[in-house]
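Engineer: Please find one structure pasted underneath; my questions will follow.
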Amino acid sequence: MLIIRVALPIPKRQLFDYRYDGKALAIGVRVSVPFGPRKLLGVVWETSDQSAWDISKLKSIEAVLDDSPIFDPILIKLCSWLAQYYKHPIGDVVQTAMPVALRKGESSQEKPIEFWTLSHQGQATDLSSLSRAPKQRALLEALQKQDCLKSKAKSEFGAAAIKALVEKALVESISKQVSQEPTWQQDLVVQDKPKANVEQAIAISCIEAKLDQYGCFLLDGITGSGKTEVYLQAIEQVLKQGKQVLILVPEIGLTPQTVHRFKYRFGIEVGVLHSGLNNNERLQVWQQSASAKLGIIIGTRSAIFTPMLKPGLLIVDEEHDSSYKQQDGLRYHARDLAVMRAHEENIPLVLGSATPALETLNNALSGKYQHLKLHQRAGNAALATQHVFDIRQQPLKFGVAQGMLERMSQHLQQDSQVMLFINRRGYAPALMCHQCGFVEHCKHCDKPYTVHKQLYKLQCHHCGSAKPIPKTCQQCHSHELVSMGVGTEQLEQGLAEYFPQYSSIRIDSDSARGKNKLDKMLNSINNNEHQILIGTQILSKGHHFPNVTLVLILDVDGALFSADYRAAEHLAQLITQLAGRAGRAEKPGEMWLQTHDPGHPLLQDLINNGYSHFAQYALMERQHANLPPHSFQALFKAQALSARDAFDFLQQIAQLFSHVDGVSCLGPIPALMEKRQGHFRMQLLLQSSQRSRLQKAIAQQIQQIESLQLANKIRWSLDIDPQDFT
Ligand code: ADP
Ligand code: ZN
Ligand code: ZN
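The sequence shown begins at 0 in numbering that gives the first Met the number 0 and counts up by one.
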């Protein structure tokens, strides 16, 4: 009899032992097991002939779901590493790594693939009879050559054309067993490949020289320098060797436009993993990647878990983007996991950015990563000039200074587009009584409500609670309620009145909600349907706006004084990325930044010397202050209905670490956001100059911490390499 140790979706840092009467069971196979009164689906993680428990009392495995493991040995190893490094329950790690459909017990075998094919009648039909329906004609023509995947037919010819041909009985559905042979290699073509410039050529040849071994490259190239072109040319070689490429992009960067660029260059299907897929579609991409039917797989953070039969290259685009770090549950960093994975798979990894994270830059400067630089913009586009605009004692109209409105006007008159960035969505960040100064607050979070005029609501941006905009002050019953500060909605309204002859578009998470909405908006901008673009962070993420010549950043002063030591880095990245949206084509651009502190050293350094100068200086500062990447951190967060409980819990943890050599303890202190959804929030920061010391100390104490009485009473979490201190 075998003892099977199963990873179960249970928040405990352990495996669970079961008996199995069969001969052997492979690691990575899913099983169904009894757990108390329930049945759970888990994954076999270890096998043994012994157990620490009384074997006669162990329950038996009820069913085995897979013939072969759902994870390959490297993914199994990575899951174990994640559990150990992030001190996270292995069962939950395994869940995170699995597509939802597999968590729910769906078969891991590939289903037959559905195609459209010509019917007898379709084979006999003359194309000219469809000359008035060009899409139907094109589909029919394609089907005369070969059967077409249903998903491909839909995306290329549209559902309407298919429906029409089905109704005319010209095409019919067939399903084919999945072949063992990879399907993409015979389709591979290379279209419209530009000649690489000198810097690109060097970067490409450095990567190509190491295609069959581990190596990590930082592709550090200014915005528009042709980083994507470097990826494409490196990918070409990998595909030609019959190997696969996995590309990670930030959450907001994954638009059909991005995917189209990869598809178009090579003429092959691209597997796309994004949040809009349903569970089965996601599983299908996973399976087709696992069997090497897809050559290119592109996705956001969790795509890093996609299995590949023939891995050849990993790419993390915009590697500095904060969406790569998961902020709840398993708080992993997909970039760091990509490094581990490339190492285990023995393949190269390219990290690309115009504004590398300080961690990454440090690794490049120390020689751990190979540093590839692109200093010039590809094509002839010039980089935008950058300026600060002093708004001290200046009247502002809907957040914009008069001088800036005039500059906007100049650019608009030259048929250019203008982009305005503001970090706040909604109409205004607060509603105040003009008589007594009372401000409407969310009582769950102790933060002012944001005014949303279009929804006629006050909304808390921290917990989502909302209520109608009141007509009178709660405190003095005055009717004079005024909105304070400016958000995207107010800016849009103000500009529409000030520039009635130009059309404006607002892009924030309110207006871009819904399927394909963002992509439609981006298309309408590129078609010049709008001249004034207003938006939040979304605008900074990698989109190309060739006709924008003026970028105006309205209000970043808050970030200059943030208590978070990463705020400066993030601000510098944001400003540089925003400036990079301008003047991408032939038109030169400029970026203006409104501020009350025009002499601020960060702004001056950034504007005069550029991001990489700023970043090297910031790294030096981090070194003097002994902050990451020159030290290593772990953050315990606790939240409870009573501030006392949260504090006491963290205080007990602090005591456990008080005598550990080389690990210092800061706190407990209130989180930057002290209260949220009615819970008080505290944190305790551990820091060490050696990663291994910190790791070891936490590993030694974690059981103890879990068994503290308060641990079961309050909500708490542990964040290794924390990014977010709010
Ligand atoms: P990045 O990824 O660094 O923002 P892209 O790869 O998107 O830059 O390149 C910016 C623009 O320059 C794109 O329109 C791209 O097609 C073009 N481009 C890139 N490399 C070349 C090249 N070697 N020759 C001509 N055009 C190029
Ligand atoms: Zn009042
Ligand atoms: Zn709230």
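Each residue gets a CB set at the ideal place from its N, CA and C atoms; glycine is no exception.
(1) Which class does Tyr17 belong to by DSSP, given the choice of helix, strand or coil?
(2) Which complete beta strand (DSSP E) runs does the segment 412-473 hold, if anything under 3 residues is left out?
(3) In terms of residues, what are the limits of the alpha helix (DSSP H) holding Pro72?
(4) Given a cut-off of 8 Å on the beta-carbon distance, is the pair Gln474 and Phe437 in contact?
(5) Pull up the distance between the alpha-carbon of Asp554 and that of Ile574, whole angstroms please.
(6) Throw me the rounded Cβ distance for the Gln699 and Phe631 pair, which I believe falls under 8 Å.
(7) Would you say the beta carbon of Gln572 comes nearer than 7 Å to a heavy atom of ligand 1?
(8) Grab the span of the alpha helix (DSSP H) containing Gln283 for me, first residue to last.
(9) Would you kindly work out how many angstroms separate the C-alpha atoms of Val92 and Leu247, rounded to a whole number?
(10) Would you kindly work out how many angstroms separate the C-alpha atoms of Met307 and Ser290, rounded to a whole number?
(11) Could you tell me which residues DSSP puts in a beta bridge with His678?
(12) Going by C-alpha distance, which of Asp414, Gln190, Gly661 and Pro111 is nearest Ser172?
(13) Taking any heavy atom of ligand 3 as the mark, which residues have a C-beta closer than 6 Å to it, listed down the chain?
(14) Please confirm whether any heavy atom of ligand 2 lies closer than 7 Å to the CB of Ser415.
(15) Between the segment 302-317 and the segment 335-344, do at least 3 Cβ pairs fall closer than 8 Å?
(16) Is the segment 614-625 close to the segment 402-409, with three or more CB pairs under 8 Å?
(17) Hey, is Ser477 close to ligand 2, as in C-beta under 7 Å from one of its heavy atoms?
(18) Thinking C-beta only, is Gly666 closer than 8 Å to Ala645?
(19) What I want to know is whether the C-beta of Glu318 ends up closer than 7 Å to one or more non-hydrogen atoms of ligand 1.
(20) Can you find the residues in the same chain that come closer than 6 Å, C-beta to C-beta, to Gly294, ignoring five residues on each side of it along the sequence?
(21) Do you know whose CA, among Leu1, Ser106 and Phe498, lies nearest Leu411's CA?
(22) Restricting to runs no shorter than 3 residues, where is the beta strand (DSSP E) found entirely within the segment 641-712?
(23) Taking the straight line between their C-alpha atoms, what separation do you get for Asn526 and Lys226?
(24) Rounded C-beta distance between Gln369 and Gly214? I'm assuming under 8 Å.
(25) Roughly how far, in whole angstroms, is the beta-carbon of Ala62 from the beta-carbon of Val99, given that I think they are within contact range, below 8 Å?
(26) Excluding sequence positions up to five away, which residues of its chain have a Cβ less than 6 Å from the Cβ of Gln393?
(27) When the Cα of Thr116 is compared with those of Thr535, Pro72, Leu169 and Pro600, which residue comes out closest?
(28) Could you check if Thr254 is buried or exposed, using at least 16 other CB atoms within 10 Å of its CB as the buried criterion?
(29) Contact defined as beta carbons within less than 8 Å: I believe Leu717 pairs with Ala633. What is the distance between those atoms, to the nearest angstrom?
(30) Relative to the alpha-carbon of His595, which residue among Leu74, Leu395, Ser352 and Gly534 has its alpha-carbon at the smallest distance?
(31) If Leu329 sits next to Thr95, beta carbons under 8 Å apart, how far is it from one beta carbon to the other, in whole angstroms?
(32) Here's the rule I'm using: 16 or more other beta-carbon atoms within 10 Å means buried, otherwise exposed. How should Pro193 be labelled?
(33) So, are the CB atoms of Leu57 and Pro8 less than 8 Å apart?
(34) So for Asp518, helix, strand or coil by DSSP?
(35) Kindly identify the DSSP beta-bridge partner or partners of His332.
(36) So, helix, strand or coil for Glu729, using DSSP?
Structural biologist: A quick look at the data gives this:
(1) In the three-state DSSP reduction, Tyr17 falls in the strand class (E or B).
(2) If we require 3 residues or more, the beta strand (DSSP E) runs fully inside the segment 412-473 come out as 416-420, 429-432, 449-451, 456-458 and 465-467.
(3) Looking at the DSSP string, the run of the alpha helix (DSSP H) that includes Pro72 is Pro72 to Tyr84.
(4) Going by C-beta atoms, Gln474 is nearer than 8 Å to Phe437.
(5) Straight-line Cα distance between these residues: approximately 11 Å.
(6) Between Gln699 and Phe631 a beta carbon distance of about 16 Å is seen, past the 8 Å cut, so the two are scored as non-contacting.
(7) Checking the Cβ of Gln572 against ligand 1 gives no.
(8) First-last of the alpha helix (DSSP H) with Gln283: Asn278 to Ala289.
(9) Computed Cα separation, rounded: 19 Å.
(10) About 7 Å.
(11) Among the bridge pairs identified by DSSP, His678 is matched with Arg675.
(12) Ranking the options by Cα distance to Ser172, first place goes to Pro111.
(13) So the residues near ligand 3 by this Cβ test are Cys441, His443, Cys444, Cys459, His461, Cys462 and Ser464.
(14) False, no ligand heavy atom lies under 7 Å from that Cβ.
(15) The segment 302-317, when compared against the segment 335-344, does touch it at the 8 Å Cβ threshold.
(16) With the cut-off at 8 Å, the segment 614-625 and the segment 402-409 do not touch.
(17) Checking the Cβ of Ser477 against ligand 2 gives yes.
(18) No, they are not a contact pair.
(19) Checking every heavy atom of ligand 1 against the Cβ of Glu318, none is found closer than 7 Å.
(20) Cβ neighbours of Gly294 beyond the five flanking positions: Trp183, Leu238, Gln243 and Ile267.
(21) Of Leu1, Ser106 and Phe498, the residue nearest in Cα terms is Phe498.
(22) Positions of the beta strand (DSSP E) runs, each at least 3 residues long and wholly inside the segment 641-712, are given as 663-675 and 678-687 in order along the chain.
(23) Between the C-alpha atoms of Asn526 and Lys226 there is a straight-line separation of about 24 Å.
(24) The distance from the Cβ of Gln369 to that of Gly214 is about 6 Å, consistent with a contact at the 8 Å cut-off.
(25) So it is not a contact: roughly 20 Å between Cβ atoms.
(26) These residues qualify, in order along the chain: Ala400.
(27) Nearest of Thr535, Pro72, Leu169 and Pro600 to Thr116, Cα basis: Leu169.
(28) Thr254 should be labelled buried.
(29) Taking a contact as a CB-CB distance under 8 Å, the pair Leu717 and Ala633 counts as one, their CB atoms being some 6 Å apart.
(30) Ranking the options by Cα distance to His595, first place goes to Leu395.
(31) Going by Cβ atoms, the distance from Leu329 to Thr95 rounds to 5 Å, so yes, they are a contact pair.
(32) Exposed is the label assigned to Pro193, since fewer than 16 other Cβ atoms lie within 10 Å of its Cβ.
(33) Taking 8 Å as the Cβ cut-off, Leu57 and Pro8 do not qualify as a contacting pair.
(34) Here Asp518 carries a helix assignment [DSSP, helix/strand/coil].
(35) Beta-bridge annotation (DSSP): His332 is paired with Lys324.
(36) There is no way to answer for residue 729, as the model of the chain reaches only from 0 to 725.
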